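A quick write-up on the structure given underneath.
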Amino acid sequence: MRNRSEEEIISSPRRVTEPFRDALNGDWEGMKRFYEKNREAAVLPLTLTNDTPLHIAVYSGGKSPLEELLRIVPNDHFTRQNDYLNTPLHEAGVIGNVEAAQVLVNLSAAQLDVRNILGETPMFRAAAFGVTKMVQYLAAEVRRVQGDMDVQRLRDDGTSILHIAIYGQHFGPLSLSLSTCSTGSKTALWLLRNDEILGELKDKNGWSCLHLLAKMPSAFKSGYLMGKLTALIYSCILSSKLFPIKAFSSFPFNLEN
Numbered sequence: 612m613r614n615r616s617e618e619e620i621i622s623s624p625r626r627v628t629e630p631f632r633d634a635l636n637g638d639w640e641g642m643k644r645f646y647e648k649n650r651e652a653a654v655l656p657l658t659l660t661n662d663t664p665l666h667i668a669v670y671s672g673g674k675s676p677l678e679e680l681l682r683i684v685p686n687d688h689f690t691r692q693n694d695y696l697n698t699p700l701h702e703a704g705v706i707g708n709v710e711a712a713q714v715l716v717n718l719s720a721a722q723l724d725v726r727n728i729l730g731e732t733p734m735f736r737a738a739a740f741g742v743t744k745m746v747q748y749l750a751a752e753v754r755r756v757q758g759d760m761d762v763q764r765l766r767d768d769g770t771s772i773l774h775i776a777i778y779g780q781h782f783g784p785l786s787l788s789l790s791t792c793s794t795g796s797k798t799a800l801w802l803l804r805n806d807e808i809l810g811e812l813k814d815k816n817g818w819s820c821l822h823l824l825a826k827m828p829s830a831f832k833s834g835y836l837m838g839k840l841t842a843l844i845y846s847c848i849l850s851s852k853l854f855p856i857k858a859f860s861s862f863p864f865n866l867e868n
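What follows is the structure, given as structure tokens:
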């Protein structure tokens with residue numbers, strides 16, 4: 612709930628519309644100048660979903676507007692969440708602003724684990740949008756700070772970070788060749804290679820990521836929807852290329868043959 616002073620400040624439409632208009636026009640200098648002259652307004656949301664100036668600043672694509680605003684707002688303001696419980700770091704993850712993400716993480720690595728209304732961390736959010744470079748950066752920070760990826764793997768409904776990347780079809784064209792797998796949008800494949808536990812996780816329907824891929828024609832260079840048996844065999848062959856054979860020992864045939 613806003614206090615009385617905030618209500619008085621926000622009652623002036625100019626305090627909100629002018630800096631937001633500057634941001635929409637890409638006039639980040641104008642936005643900065645406004646808040647330098649109206650510092651009390653820098654704590655107020657700019658959108659109907661309560662995005663703060665810091666949420667908006669990451670959309671500049673760089674770090675300068677964010678750094679300038681951080682000198683103006685209260686010290687703890689960079690962790691404030693909007694109505695969807697997204698922090699500025701979540702927003703940086705969506706658009707791939709790695710420079711802004713670095714600034715925010717350097718302020719507090721605790722942001723890496725903050726979850727939004729769906730239970731998504733910033734890294735999870737970046738994977739959902741197929742922003743591979745951001746996923747790679749945040750994963751490196753998570754491993755540096757925590758040593759493992761436990762908190763990052765699942766959101767509240769049980770969907771894994773790998774499944775969400777596949778749902779968004781952020782995997783590029785697949786074939787039996789690993790060199791081909793590395794082309795195109797590669798978020799899912801990068802996750803698969805860098806956290807092998809993800810390959811064992813299933814969604815709420817009991818489907819592994821590879822079963823999900825087998826049902827997606829666009830996942831394969833031919834674009835051909837295979838029959839159930841062919842799809843299963845194909846997914847098993849592909850699995851043997853990406854994971855140790857022992858992980859798939861439950862299949863009723865020898866993948867090495």
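When the sequence shown is numbered by the numbering used here, its final residue is 868 and no position is left out of the sequence of numbers. Ideal Cβ placement from N, Cα and C applies to all residues, glycine included. Remember, predicted model here, so these are calculated numbers, not experimental data.
Proximity of residue i and residue j at Cβ, strictly below 7 angstroms
i: Asn661; j: Tyr695; result: no
i: Ile775; j: Ala739; result: yes
i: Leu749; j: Met734; result: yes
i: Val753; j: Asn708; result: no
i: Glu710; j: Gly673; result: yes
i: Leu812; j: Ser771; result: yes
N-terminal and C-terminal residue of the alpha helix (DSSP H) that residue i is part of
i: Val742; result: First-last for Val742: undefined, no H or E at that position.
i: Ala668; result: 664-668
i: Lys643; result: 639-648
i: Ser675; result: 675-681
i: Glu702; result: 699-706
i: Arg804; result: 798-805
i: Asn717; result: 709-718
i: Ala776; result: 772-778
Cβ distance (whole Å) where residue i is taken to contact residue j below 8 angstroms
i: Pro685; j: Met642; result: Contact flag wrong, Cβ pair sits at about 18 angstroms.
i: Ala799; j: Leu773; result: 6 angstroms
i: Val725; j: Ala737; result: Not a contact, Cβ separation roughly 13 angstroms.
i: Phe689; j: Leu665; result: 6 angstroms
i: Gly730; j: Asp767; result: 3 angstroms
i: Val756; j: Leu718; result: That pair is no contact at about 13 angstroms.
i: Val762; j: Thr743; result: Wrong, their Cβ atoms sit about 20 angstroms apart, outside the cutoff.
i: Gly769; j: Lys815; result: 5 angstroms
i: Gly937; j: Gly741; result: Nothing about residue 937 can be reported from this structure: the residues present for the chain run from 612 to 868 only.
7 angstroms Cβ shell around residue i - same chain, five flanking residues per side excluded
i: Ser788; result: Confidence at Ser788 is low in this model, with a pLDDT of 36, below 50, so the placement of that residue is unreliable and no value is reported for it.
i: Arg650; result: Ile683
i: Ile777; result: Ala799, Cys820, Leu823, Leu824
i: Leu681; result: Phe689
i: Ala653; result: Tyr646, Pro664, Leu680, Ile683, Val684
i: Trp801; result: Thr743, Val746, Gln747
Beta-carbon contacts of residue i that lie in its chain and below 8 angstroms, excluding the five residues immediately before and after
i: Met760; result: Ala750, Val753, Arg754, Asp806, Ile808
6 angstroms CB neighbourhood of residue i in its chain, flanking five on each side removed
i: Glu702; result: His666, Val669
i: Ala720; result: Val756
i: Gln692; result: Thr698
i: Glu679; result: Lys643
i: Asp633; result: Gly641, Met642
i: Phe631; result: Leu657
i: Ser671; result: Trp639
i: Leu765; result: Ser771
i: Phe645; result: Glu629, Pro630
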